[in-house]
Amino acid sequence: MVPQASHSVEERIIQLLQHLGIERAHFAACMSADWTGLVTSHPDIVSSLTLVCPWGMTVDALRPYASRLLVITGDQGQPAKEVHRAVASLPGTTLINLPHYFSPLWADVIADRANEVGDAITEFIERQQRPEEVAFDEGEGEIVGISYSIRGSGPPLFLFPLGLAPSQWQPLLPLLSARYCTITVGGPALGAVALLEARAQGYLRVVRSLVDETRLRPGQTVLEVGCGSGVILRWLARHTNGANPITGVDINPYLLREAAAVVRKEGIESIIQLREGNGEALPFEDSRFDVTMACTVMEEGNADRMLAEAVRV
C-alpha cells in the first residue's frame with residue numbers, strides 16, 4: 670500500500686533535500702523508522718535531531734549525535750521509562766521532562782504542552798551549528814511519496830510526523846516558522862501511517878477470506894469501524910473494482926485526515942467516504958449498511974458495545 674516501496678525512507682528524504690537544494694538541516698521526529706536510516710547513512714546533513722515523545726530509540730545510531738540530540742518526553746508510564754533508559758546510555762544528550770505527562774503513541778503532545786515543547790526546541794536549536802538559511806515560497810508539494818509543506822524562512826527545520834500525523838505540529842508552526850524555514854513532511858511512508866500500512870499486510874489474507882465469505886454483491890454498502898489510515902478501505906475498493914460504496918469511521922481526526930489524503934491521491938474518493946465517530950456509538954441510523962467490519966480495533970474499547978453497534982447499523 671505504500672507507494673514506491675523500492676525507496677527507503679532515508680532515500681526519499683535525501684531526494685527531497687536535493688530537490689529543495691538543502692545540504693544540512695535540523696530535524697524533529699517521533700517514530701524511529703523515520704529517522705534511524707537518515708542519521709546512520711547521512712550524518713553530515715543533520716545539524717541537530719529533536720525526538721518528541723519518541724517511540725523507539727536506536728542507541729547505537731544516536732551515540733554520535735548525543736551533543737546535538739534533544740529528547741522531550743513525559744515522566745509517566747512505560748514509554749517514559751524506556752526513553753530515560755536510552756538517554757542514560759547517551760551522555761551529552763539534552764533531556765527535557767514534561768512533568769505529570771503520559772505519552773502513548775496516540776498522545777497529542779503539542780496540543781497538550783505546546784509552550785514547553787516550543788521553548789525547548791527553539792532554545793536547543795539556537796545552541797547548535799546553524800545550517801545555511803533558505804527562503805522558499807510558502808506552499809506544498811510531493812516527491813517520491815513524501816508530501817511536504819513549507820512555511821517561513823531561515824535555517825531549515827524538518828518536522829516529521831509525531832505519534833499520529835504531521836498535522837499535530839500545527840499549534841507550534843507560528844512560533845517555529847517565525848525563526849526557521851519549517852518543512853513539515855508526511856505521507857504513507859512516514860509515521861504512524863507507515864506503521865499501520867505495514868501492519869495490515871500481516872492480516873490482509875484473513876480479511877480477504879472474510880470478505881469473500883460475505884459474497885458481496887455490487888451496490889451493497891460496507892462500513893469499516895476503526896479504519897485508521899484507510900489501508901483496508903483502499904484494498905477493498907480495489908478488490909471490489911469500485912462496485913461497492915465504502916465508508917470508514919475512526920475516532921481519531923488526525924488519522925482520518927491522513928487517510929483522506931491517500932484516498933485522494935489514489936483517486937478513489939468517489940468510492941470511499943470517511944467520517945469521524947466512536948465505534949461504541951456509531952453516527953449512523955439503524956440498518957444503514959449491508960456489511961460492517963472491524964480489524965484489530967475491538968480490543969481498544971468496549972467490545973460488547975462495539976459489536977452491538979456494528980450489528981445495529
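Numbering (this note's numbering), first residue to last: 670 to 982. Where a beta carbon is used, it is the ideal one built from N, C-alpha and C, also for glycine. Everything numeric in this text was worked out from a predicted model, so none of it was measured.
Here GLN837 is buried: its Cβ has 16 or more other Cβ atoms, across all protein chains shown, within 10 Å. MET726 sits away from VAL708, with the two beta carbons spaced by 8 Å or more. Setting aside the 5 residues that flank it on each side, MET700 is surrounded in the same chain by TRP724, GLY860, each with a C-beta closer than 6 Å to its C-beta; the list follows chain order. Membership of MET700 in the beta strand (DSSP E) is indicated by the continuous run 694 to 700.
Sixteen is the threshold: when 16 or more other Cβ atoms of the shown chains lie within 10 Å of the Cβ of ASP703, as they do, the residue is buried. Taking the CA atoms as reference points, SER772 sits about 21 Å from LEU759. According to the DSSP assignment, ILE915 belongs to no alpha helix (DSSP H) but to the beta strand (DSSP E) extending over 915 to 919. DSSP, read as helix, strand or coil, puts TYR770 in strand. In the DSSP assignment, GLU893 falls within the beta strand (DSSP E) that extends over 891 to 894. Per DSSP, the unbroken alpha helix (DSSP H) holding MET975 starts and ends at 972 to 981. According to DSSP, residue pairing for TRP838 in a beta bridge does not occur.
Taking all protein chains shown into account, GLY895 has 16 or more neighbouring C-beta atoms within 10 Å of its C-beta and is therefore buried. By the criterion of a C-beta distance shorter than 6 Å, TYR817 is surrounded in its chain by GLY810, ILE852, VAL854, once the five residues flanking it on both sides are discounted. Scanning the stretch 754 to 836 for uninterrupted beta strand (DSSP E) segments of 3 residues or longer gives 763 to 771, 808 to 812, 815 to 820, 825 to 828, listed from N- to C-terminal end. Out of ILE812, LEU864, ALA869, ILE790, the CA that lies nearest to the CA of LEU842 is found in ILE790. Across the structure, PHE793 and PHE696 are spaced so that their CA atoms are roughly 12 Å apart. Where GLU866 is concerned, the enclosing alpha helix (DSSP H) starts and stops at 860 to 869. Less than 8 Å separates the beta-carbon of GLU893 from that of ALA963.
Between the alpha carbons of VAL918 and LEU828 lies a gap of roughly 27 Å. By the neighbour-count criterion, in which 16 or more other beta carbons inside 10 Å mark a residue as buried, TYR872 falls on the exposed side.
Pairing GLY948 with ILE920, the inter-Cα distance amounts to about 8 Å. When the alpha-carbon of PRO768 is set against those of GLY743, GLY761, ALA776, ASP777, the nearest one is in GLY743.
In terms of Cβ geometry, ARG799 and PRO825 do not form a close pair [threshold 8 Å]. Remark: fewer than three beta-carbon pairs, one from each stretch, lie closer than 8 Å, so the stretch 922 to 942 and the stretch 951 to 959 are not flagged as touching.
Shown here, GLY746 sits in a helix according to DSSP, grouped into three states. Ranked by Cα distance from SER939, the first of PHE953, GLU945, ARG907, VAL966 is ARG907. A Cβ-Cβ contact shorter than 8 Å links VAL778 with VAL721. In the three-state scheme derived from DSSP, where H, G and I count as helix and E and B as strand, SER878 is classed as helix. DSSP lists ALA694 as the bridge partner or partners of VAL715. With a cutoff of 8 Å on beta-carbon distance, ARG693 and GLU801 are scored as near each other.
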